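Structure first, then comments.
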Amino acid sequence: MHQVQVFLLTLLLAVESLDFCFNDFLQGSRLNSTVLKKVDVSTKIECVVSCVQEPCCRSINYRKRLPQGLTSLCEMLHDVVYSGTSPELKKNRFYDYIYFNEPRKDYISSCITDKVDTMTPEFDLTFPAKNIQNYILLDNYVPEMSTVTLMFWINTLQAGTMCVVSYAVKKRAAELKVSVGRNTEYDIIIAPSTKDFIYIEASENIPSLQAVTITLWVKRSYERFMRYVYYYLKPRETLLSFYIDDDVFNLGIAGASVTKAMVPTYKDEYWHHIATTWSSETGHWKIYLDGSLVSIVHGVASGITIPAGGQLLLGPVIFWPHDSSLSRLNIWNYEVDGHALSLMANKGPTFENGNVFAWYGVKSKSMGDMTTFQEAPSDLRNSRSHSVHQMNFREASPTNYAKVENVFPSLTITVLTACFWAKILKTDCGIFTYSTSANNDEMAAYFYLNRTLDLIIKSERRDPGPLISAPESWHLYCMQWRNSDGLVQTFQDAIKLEMGYKAVGHIIPSNGIMVLGQQRAFKGSLAGLNFWTYFLTINTIQGMAAGIINVNGNLLQWRDFRTEHVFGDVSIVERSEAEIP
1 MHQVQVFLLT LLLAVESLDF CFNDFLQGSR LNSTVLKKVD VSTKIECVVS
51 CVQEPCCRSI NYRKRLPQGL TSLCEMLHDV VYSGTSPELK KNRFYDYIYF
101 NEPRKDYISS CITDKVDTMT PEFDLTFPAK NIQNYILLDN YVPEMSTVTL
151 MFWINTLQAG TMCVVSYAVK KRAAELKVSV GRNTEYDIII APSTKDFIYI
201 EASENIPSLQ AVTITLWVKR SYERFMRYVY YYLKPRETLL SFYIDDDVFN
251 LGIAGASVTK AMVPTYKDEY WHHIATTWSS ETGHWKIYLD GSLVSIVHGV
301 ASGITIPAGG QLLLGPVIFW PHDSSLSRLN IWNYEVDGHA LSLMANKGPT
351 FENGNVFAWY GVKSKSMGDM TTFQEAPSDL RNSRSHSVHQ MNFREASPTN
401 YAKVENVFPS LTITVLTACF WAKILKTDCG IFTYSTSANN DEMAAYFYLN
451 RTLDLIIKSE RRDPGPLISA PESWHLYCMQ WRNSDGLVQT FQDAIKLEMG
501 YKAVGHIIPS NGIMVLGQQR AFKGSLAGLN FWTYFLTINT IQGMAAGIIN
551 VNGNLLQWRD FRTEHVFGDV SIVERSEAEI P
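Its first residue numbered 1, the sequence shown is counted upward by one per residue in full-length UniProt numbering.
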């Protein structure tokens, strides 16, 4: 045993009288044990003295200064091993392990338990600046590997390429390196206003397909037809096509007829996430809108294989002009799990990349008019996240309300649907009121003392209206009216209640004021209030009531009611207690 006893005069002067003896023969080794404390030091002796002064420190791992570093690292430990053959002592060329002969400190269990109790099992690492001095070093924990999977969450604060993980061995400084970076080509979108379309260069890597997943972000205006993916061998020989016609999705698979599926409308000038999966084995075709499953069709192209080697065409319809935008389109050769698709929609846009076609670097793969590529706008996100808050009206008072002015601009309304989630804690109250200069009760939803709910049009009331059950609990309410025959329909949780008739031939004027609460003051909670200029189908209302889909109105949307529109004792709570998907 090589034993070194050191007394250093300068340190004695600084820390009064110290008497210690340590063993430094286990060089090139590190004790894998709970680290009580880490400090930056200039020398090994400074690390030793720091341990002597720390009550729980009985040994140390001293990491020598690295070439890119300015200081050395001192790891203080409570555990001690005295033999180089101990299994906890690992060879590590960056470290020296040191233990003390004097002073001999006793083992104290609380030194370890207190430290373990303060350790957080989940934590974030924050690197405040891009600097080579900021890093985490882990040594000798990695076995030999023939395959490797690396998974992490990352939030980068600036553009440019950054190294996340690097692994070096003695003979090779870069055995493994993983870097991330922001590539402006990934952020581009297709925003055509002409008949332009984008061809993707043919790739030998596109395999034959027995299953497929397509995901994309799209902002759709008011055009009827839009094609997303068209994959073919030659003209008129379609291998795979995916497009929408009005509110009907169409899927074409080689050798099979086109299959159609109705979905909730999303022509609202906001970004939406669309995903679709198909399997030859099961024949199931699924469609997801903003992370929610909105359609399943069975028996679609069962047993058919999509051939390889075709030409891929992306995005816009080539038959007539339109004004919509497309981004982040990816294709996989398997069915991506629904939970993963929901995560893509709710966390997105994220940096997923398909294994058949990846949006990353799409511009470099494309042929055609490159003027259709633009930088991604700031509103490229899941608009649904702004539609799931709720408003709480704690007390019934005319001073507690929400108000949006100049709604329904430049529109004449002859058909109307209003849907909302509500927990009503007081009868004889107005839920919402739309007023114009000519009529204070142009349109309103009113809850009477006898627990009936009425849709007022042109001040025409219907009392008694349909009876509401358990209003003090959350329910979805939908109320529809049309002027052709004055039909009024009311639904509670997708169950149709009594029908009525009023205001035949009336036209609701535009540019009025929408108020929530206030008139015959409301007490309770509201969420998901949307207005449409057409009747919703029963399937859509059922999907909303079941918490499967969340459909935004094309006339007025719940996202339009935010903090700046609230007055008095009304609070906005992000995320709703109601079953809004």
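Where a beta carbon is used, it is the ideal one built from N, C-alpha and C, also for glycine.
Computed from a prediction, not measured in an experiment: that's the story for all the values here.
Go through its chain and collect everything with a Cβ distance to residue i's Cβ below 6 Å, but skip five positions before and after it.
i, result
"T184", "Only weak support exists for where T184 lies, its pLDDT of 48 falling under 50; the coordinates are left without a value."
"Y186", "Confidence at Y186 is low in this model, with a pLDDT of 49, below 50, so the placement of that residue should be treated as unreliable; the coordinate-derived value is given next. Answer for Y186: Y360, listed in chain order."
"G500", "R462 and V488"
"A301", "I253 and A256"
"V258", "N250 and G252"
"Y434", "E442, M443, G512 and M514"
"S571", "N392"
"K426", "A396 and K523"
"K458", "A503 and H506"
"T305", "S208 and Q210"
"V6", "Any answer about V6 is weak, because its pLDDT of 42 lies below 50 and its placement is not dependable; what the coordinates show is given next. No residues qualify anywhere along the chain."
"T412", "I507"
"W320", "Annotation note: pLDDT 41 at W320 (below 50); position unreliable, coordinate value reported separately. No residues qualify anywhere along the chain."
Considering only C-alpha positions, which residue in the set the options is nearest to residue i?
i, options, result
"N539", "Y82, V551 and L529", "V551"
"V35", "D79, D24 and S72", "D79"
"residue 587", "W153, E144 and V164", "The requested residue 587 does not occur in the structure, where the chain is confined to residues 1 to 581."
"Y232", "G299, L216, P307 and T215", "P307"
"H298", "T147, K286, R462 and S525", "K286"
"Y534", "L556, I513, L526 and A545", "L556"
"Q480", "T417, I507, A168 and L343", "T417"
"P349", "L453, T537, V218 and C419", "V218"
"R328", "G84, N406, Q311 and Y228", "Y228"
"P464", "N483, I457, E498 and R559", "E498"
"T238", "N101, Q311 and L150", "Q311"
"C478", "G486, L536, V48 and G517", "L536"
"G430", "V415, L449, T436 and N406", "L449"
"F25", "Q53, L289, S50 and S83", "S83"
"E54", "F100, F420, Y288 and T490", "F100"
"T414", "T149, K91, T113 and P509", "P509"
"A527", "T149, D124, V573 and K170", "V573"
"D245", "A261, Y230, R236 and K234", "A261"
"F152", "V169, H565, V52 and F123", "F123"
"F432", "F561, Q542, I495 and A438", "F561"
"F408", "C111, F531 and S50", "F531"
"V566", "G517, E102, K44 and G553", "G517"
Just grab the DSSP bridge partners of residue i for me.
i, result
"K423", "S525"
"Q390", "A527 and V573"
"R63", "L73 and Y95"
"residue 584", "This structure cannot speak to residue 584, because the chain is shown only from 1 to 581."
"Q27", "D96"
"N250", "Y243 and K260"
"K177", "S166"
"N330", "T215"
"L556", "F531"
"F491", "C478 and K496"
"D454", "Y446"
"F432", "A445 and L516"
"K234", "E237"
"T277", "T213 and K286"
"H272", "V218"
"D40", "L73"
Residue i and residue j look like a contact to me (Cβ under 8 Å); what is the Cβ gap, rounded to whole Å?
i, j, result
"R65", "Y95", "That belief does not hold up - the Cβ atoms of R65 and Y95 are roughly 12 Å apart, past 8 Å."
"I136", "I98", "Not really, about 23 Å apart at Cβ, beyond 8 Å."
"D493", "A445", "About 16 Å separates the two Cβ atoms, so there is no contact after all."
"L341", "G291", "7 Å"
"E335", "S279", "5 Å"
"L38", "C74", "In the sequence under discussion, the amino acid at residue 38 is Lys, which differs from the Leu named in the question. Rounded, the Cβ-Cβ distance is 7 Å, consistent with contact."
"I206", "V362", "Not a contact, Cβ separation roughly 15 Å."
"T71", "S42", "6 Å"
Looking only at its own chain, which residues have a Cβ that is under 8 Å from the Cβ of residue i, when we skip the five neighbours before and after it?
i, result
"L77", "L31, S33, T34, V35, L36, C57, R58, S59, I60 and N61"
"residue 593", "The structure shown does not extend to residue 593, since the chain is modelled only from 1 through 581, so no value can be given for it."
"N353", "N330, W359 and Y360"
"T113", "none"
"L293", "K286, I287, G338 and I548"
What does a CB cutoff of less than 7 Å around residue i pick up in its chain, not counting 5 residues either side in sequence?
i, result
"I424", "F447, P471, E472 and G524"
"L467", "R451 and T452"
"residue 585", "As displayed, the chain neither begins before 1 nor continues past 581, which places residue 585 out of reach and without an answer."
"E46", "none"
"S484", "none"
Closer than 7 Å to a non-hydrogen atom of the ligand HEM - does that hold for the CB of residue i?
i, result
"D428", "No copy of the ligand HEM appears in this structure; indeed no ligand is present at all."
Could you say if the segment 503-523 and the segment 386-406 meet the contact criterion of at least three C-beta pairs nearer than 8 Å? Because the criterion of three Cβ pairs below 8 Å is met, the segment 503-523 and the segment 386-406 touch.
Check whether the segment 269-288 and the segment 204-216 touch, using three or more Cβ-Cβ pairs below 8 Å as the test. yes
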